[in-house]
Amino acid sequence: AHAPKGAAHEVRYIEKNEPTKASMLEVNRAIKWMCGETQAEWIFQCSSDDYSLPDRVKVCMAKLDELKREGMDCSGIATTMRLEDPERPGLEIYSGYPREDGYVSAGIGISRLAFGSTIWAYKREFLEKAGLDVSCTLDVYLGYLAALDKGYYVVANPQHVHYMALDADNIGFQGKMRAAEKAGDQATIHRINELNRFQLFELYMLTAARTHALFPLAHELDRQAMTQMLVNQAVG
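Numbering of the sequence shown is given in the numbering used here, commencing with residue 6 and proceeding in unit increments.
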């Protein structure tokens, strides 16, 4: 269904006229364009190899209302997620952290992989502040920055599903790696592992640089966690 820009409680389907190139920068610019096509206060994302359960938005918005009544706020909100493995159908796998509702700090979030996949929803004003013209995946980048801003809140209710695709053409390295492992292609596995190290190092460097620009007084524990992630990739 089509509705005027900014209309409430309407479904509006839009497409970019030009195709999006298969690079993180171009994908992020496409997300930025889509954010500009709505006046919604909160913006939810879902990638093409993930899917949300019917109550995902309802669960998040109910928690936001509860926080508001208590005089609290956040820049990002997410639910936990379930992982769906096509190689092991029916197996129940859930994200490991957090186990309870609550705010997740930047340092613990990045160390415990609480910012993974596309489980996020962010305030429009925060997205504009953080900036989307970056060449890295947005999950960790935005999650870490949101935690330093007004907070990143996670509802321990798995309303999002990450499909563990086996796809050599997947823009993310996990899909490529699973496809290579399935085929037993050791040369490709080694190459993807090496490229993934570079990708993750760039992700943490860009996030650290943006943190320094926006939150120069970030807590030492949060900065230490980011430094450790950078060292892990450099050594690896």
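All residues carry an ideal CB built from backbone N, CA and C; glycine is no exception. Because the structure is a prediction, the values reported are computed rather than measured.
Proximity to residue i [Cα-Cα], best of the options
i           : options               : result
residue 132 : 225, 226 and 40       : 40
residue 143 : 35, 14, 21 and 19     : 35
residue 68  : 58, 57, 59 and 81     : 81
residue 173 : 159, 222, 164 and 194 : 194
residue 103 : 44, 79 and 83         : 83
residue 139 : 24, 129 and 28        : 28
Straight-line gap, residue i to residue j (C-alpha atoms, nearest Å)
i           : j           : result
residue 30  : residue 162 : 31 Å
residue 207 : residue 125 : 21 Å
residue 197 : residue 72  : 42 Å
residue 240 : residue 20  : 42 Å
residue 14  : residue 187 : 43 Å
residue 155 : residue 228 : 17 Å
residue 49  : residue 189 : 36 Å
residue 1   : residue 16  : The structure shown does not extend to residue 1, since the chain spans only 6 to 241, so no value can be given for it.
residue 77  : residue 53  : 33 Å
residue 210 : residue 33  : 17 Å
residue 136 : residue 217 : 14 Å
residue 51  : residue 141 : 17 Å
residue 105 : residue 116 : 17 Å
residue 38  : residue 79  : 23 Å
residue 108 : residue 160 : 9 Å
residue 118 : residue 212 : 15 Å
residue 127 : residue 47  : 6 Å
residue 18  : residue 238 : 40 Å
Environment of residue i [buried if 16+ CB atoms lie within 10 Å]
i           : result
residue 232 : exposed
residue 225 : exposed
residue 236 : exposed
residue 100 : buried
residue 6   : Low per-residue confidence applies at residue 6: pLDDT is 37, beneath 50, and the placement is therefore not dependable enough to give any value.
residue 203 : exposed
residue 165 : buried
residue 215 : buried
residue 93  : exposed
residue 61  : buried
Where residue i sits in the DSSP three-state scheme
i           : result
residue 120 : coil
residue 19  : coil
residue 85  : strand
residue 220 : coil
residue 146 : helix
residue 14  : coil
residue 170 : coil
residue 209 : helix
residue 4   : Because the chain here runs from 6 to 241, residue 4 falls outside it and cannot be looked at.
residue 128 : strand
residue 50  : coil
residue 164 : strand
residue 159 : strand
Inter-residue CB distance, residue i and residue j (contact presumed, cutoff 8 Å)
i           : j           : result
residue 151 : residue 110 : Between residue 110 and residue 151 the Cβ distance is about 11 Å, and since that is not below 8 Å, they are no contact.
residue 157 : residue 114 : 6 Å
residue 89  : residue 149 : Not really, about 26 Å apart at Cβ, beyond 8 Å.
residue 201 : residue 178 : 4 Å
residue 112 : residue 230 : 3 Å
Chain D within 9 Å of residue i, Cβ atoms only
i          : result
residue 56 : Absent from the structure: chain D. Only one protein chain is present.
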